[in-house]
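Numbering-wise, our numbering puts 98 at position 98 of the sequence shown, and it's gapless, one number per residue. For each residue, glycine too, the CB sits at the ideal point set by N, CA and C. Since the model is a prediction, treat every value here as computed from it, not as a measurement.
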Amino acid sequence: MTDLSGLLARPAALLRGAAFAAAALLLPVLPAAAQQTIESLGLTVTTTPAVSNDYLFRGISQTRNNWAFQGTLDVQHESGVYVGAFISNAKFVGGPWNDTRQELDLLAGYRFTLADINFDVGYIAYTYPGQDKAIGTQLNEYQEVAIKANYTIDIVKLLAAYNYSPNFFGRSGAGNYVEGGVDITLPFEVTGSGRLGYQWIQNNPRFGTPDYLWYSVGVSREIYAGFTGTLAWYGTNIDKKECVPVAGRADGGQRICEGRVLFTLSKIF
1 MTDLSGLLAR PAALLRGAAF AAAALLLPVL PAAAQQTIES LGLTVTTTPA
51 VSNDYLFRGI SQTRNNWAFQ GTLDVQHESG VYVGAFISNA KFVGGPWNDT
101 RQELDLLAGY RFTLADINFD VGYIAYTYPG QDKAIGTQLN EYQEVAIKAN
151 YTIDIVKLLA AYNYSPNFFG RSGAGNYVEG GVDITLPFEV TGSGRLGYQW
201 IQNNPRFGTP DYLWYSVGVS REIYAGFTGT LAWYGTNIDK KECVPVAGRA
251 DGGQRICEGR VLFTLSKIF
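Structure representation (structure tokens):
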């Protein structure tokens, strides 16, 4: 979730949602008992701090391949209406510079069940507090609307999502994103997960990459006292030379689109 042509030309995140990339693998196995309920208001409040060896959003590093420290807040009313937030450190290479240091995403939406399918229709605002705008560049911030669905058959959970932005990261034009996934309950309280997504961007040169596919496969398990570990492999089909090249600073592209192992440790409160 951040630009990279005028700024740096690169994309931003993922579950930005909340917690987006790693969270997509992580959340299915986290214990619901850790959530806090305010019965008088009909609210369920979930907070999830996490630390990871990278911050990947739709397969692309948002921290230039460095460690990420993140937090997610979700407040849901018994009606299904919810609000939330996601925060993480972030860092990008830009031209002439990019002073992004953090990302704050704001979420709101409605969750409901229809014909045994769980739906989540929502809005996400991706912001980068404190970022300055250099002459001739654009701010990273953008907005998306999203619809997600999941359906469980015995030990298998099927997932699908569609996100649309009228003006994607760094003012790169319309962005369309689709994702499919599966979570499987395995022996020894392990959850296996897989994700496959595709991102279309209207103005690829401003964004910094061509339209691209990304994928992940991983496992999650509670380690001790509510702490959950997730180990996954993430990859994209973007060649390095097409990965956010920046004149004078990264003419041959960057390593932020390369495949890598991602480890995340988190705990729900």
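| Asked | Found |
| --- | --- |
| Span of the beta strand (DSSP E) holding Asn89? | Val81 to Asn89 |
| Since Arg58 contacts Gly194 with CB under 8 Å, what's their CB separation in whole angstroms? | Not quite, the Cβ-Cβ distance comes to about 15 Å (not below 8 Å), so this is no contact. |
| If you follow the alpha helix (DSSP H) that Asn118 is in, where does it begin and where does it stop? | Looking at the DSSP string, Asn118 is not in any alpha helix (DSSP H); the run it does join, the beta strand (DSSP E), is Ile117 to Thr127. |
| To which residues does DSSP link Ser52 through a beta bridge? | Ala68 and Thr264 |
| Measuring straight from C-alpha to C-alpha, what distance separates Gly180 and Ala149? | 10 Å |
| From the DSSP output, in three-state form, read off Arg111 for me. | strand |
| If you draw a straight line from the C-alpha of Tyr224 to the C-alpha of Ser266, how long is it? | 11 Å |
| Could you name the residues of the same chain whose beta carbon sits closer than 7 Å to that of Glu141, not counting the 5 residues immediately before and after it, in chain order? | Tyr126, Thr127 and Tyr128 |
| Can you say whether Gln62 is buried or exposed, counting buried as having 16 or more other CB atoms within 10 angstroms of its CB? | buried |
| Specify the secondary structure class of Lys241 as computed by DSSP and reduced to three states. | helix |
| Using the three-state DSSP reduction, which class does Ser172 fall into: helix, strand or coil? | coil |
| Run through DSSP, which three-state label would Glu258 get? | coil |
| Quick one, which of Ile201, Ile184, Gln143 and Thr72 has its alpha-carbon nearest Asp154's? | Ile184 |
| Specify the secondary structure class of Gly252 as computed by DSSP and reduced to three states. | coil |
| Confirm, please, whether the CB-CB distance from Ile124 to Ala146 is below 8 Å. | yes |
| In whole angstroms, what separates the C-alpha of Phe169 from that of Tyr82? | 24 Å |
| When you compare only the Cα positions, how much space is there between Phe249 and Phe92? | Reading off the sequence shown, one finds Arg at residue 249, where the question assumed Phe. Distance between the alpha carbons of Arg249 and Phe92: 12 Å. |
| So the beta strand (DSSP E) Phe227 belongs to, where does it begin and stop? | Phe227 to Thr236 |
| Nearest CA to the CA of Ser88: which residue from Ser79, Gly94 and Pro49? | Pro49 |
| By Cβ distance, which residues of its chain are closer than 6 Å to Leu213, with the 5 residues on each side in sequence left out? | Tyr198 and Asn237 |
| Kindly give me the distance between the Cβ atoms of Ile268 and Thr46, rounded to whole angstroms, as I take these residues to be in contact under 8 Å. | 6 Å |
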